[in-house]
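All residue numbers for the sequence shown refer to my numbering, where the first residue is 1399 and numbers rise by one.
Even for Gly, the Cβ is constructed at its ideal location relative to N, Cα and C.
Report on the following structure.
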Amino acid sequence: MKKLLSVLCVLPVLVSCAMPAGRIMKRSEPDSVGSRAAGAATFDQLLRGAVNKLLLSHGASREAAIKLSVAVLRVENASAEELGDWQEQIFDKISTSVNESGRYQTISLRYIDAGLRESRLRRDDLFIPAKRRVFLDVLEAAKVPAQVLIFPKLTTGTTELGPKRAQRNYLLTLELVDISTGRDFRVSEEVRKAYR
């Protein structure tokens, strides 16, 4: 009986040590910096910078009364790191920021994904006019025509500095393509990060 009682007393302590602990961060607290990958601080800085540049540069001369319909595609990850759950969050933050600017109206990702599936196209196929037209026809049939496409792309460049030391540069590029002219407009934001 004493053994059973002592096991029952020790068990909660052991279980609590093995479980991760979490807490809600205050808005005033800085984002956490990942120790082995990009992390919240890196992605938030990339997103803020790239989206602000895009909206200030491309949209500054536009009248706010006429909103362009924008299809923001999923993030192309050409970086050295897996995005994991950041994939969806990066898309959501770009789409929400563009939509909240007042100059653009974004199309739901569900329509965009369905349009790509229905037309059997990959995102790179959208640069071929005939294939882009097939995709746009699918969106138009769903009553969500697009006037502009935004292609987000994440890349990295890594410099090894010795044993267990490296610098990684993260670059988020937003490429805006005007469907009527085919012209593209690009902005990028870079964040440099040191790893030890």
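It is roughly 44 Å from the alpha-carbon of R1566 to the alpha-carbon of A1539. DSSP places P1527 within a helical segment (H, G or I) once states are collapsed to three. Here P1550 is buried, its C-beta having at least 16 other C-beta atoms within 10 Å. In the DSSP annotation of this structure, the continuous segment of the beta strand (DSSP E) that includes S1586 starts and ends at 1582-1593. Between A1544 and V1468, the alpha-carbon positions lie close to 6 Å from each other. L1466 carries a strand assignment under DSSP once its states are collapsed to helix, strand and coil. Exclusion of the five residues before and after L1471 leaves R1521, F1549 as the residues of its chain whose Cβ lies within less than 6 Å of its Cβ.
Apart from the 5 residues on each side of it in sequence, T1557 sits with its Cβ closer than 6 Å to the Cβ of Q1565 in its chain, given in chain order. The Cβ-Cβ distance between I1577 and R1530 falls below 9 Å.
Counting along the chain, E1474 sits inside the beta strand (DSSP E) bounded by residues 1474-1476. Counting only residues of its own chain and dropping the five nearest sequence neighbours on each side, V1575 has a CB closer than 6 Å to the CB of L1547, D1582. The C-beta separation of L1570 from A1448 comes to about 5 Å, placing the pair in contact by the 8 Å criterion. By the C-beta density criterion, E1587 is buried, having at least 16 other C-beta atoms within 10 angstroms. Considering only D1535, Q1487, G1500, R1501, the residue with the shortest C-alpha distance to I1510 is D1535. Leaving aside the five residues that flank N1475 on each side, the residues in its chain whose CB is nearer than 6 Å to its CB run, in chain order, L1481, L1552. If you ignore the 5 residues before and after F1441, its C-beta comes within less than 7 Å of the C-beta of W1484, I1488, all in its own chain and listed in chain order.
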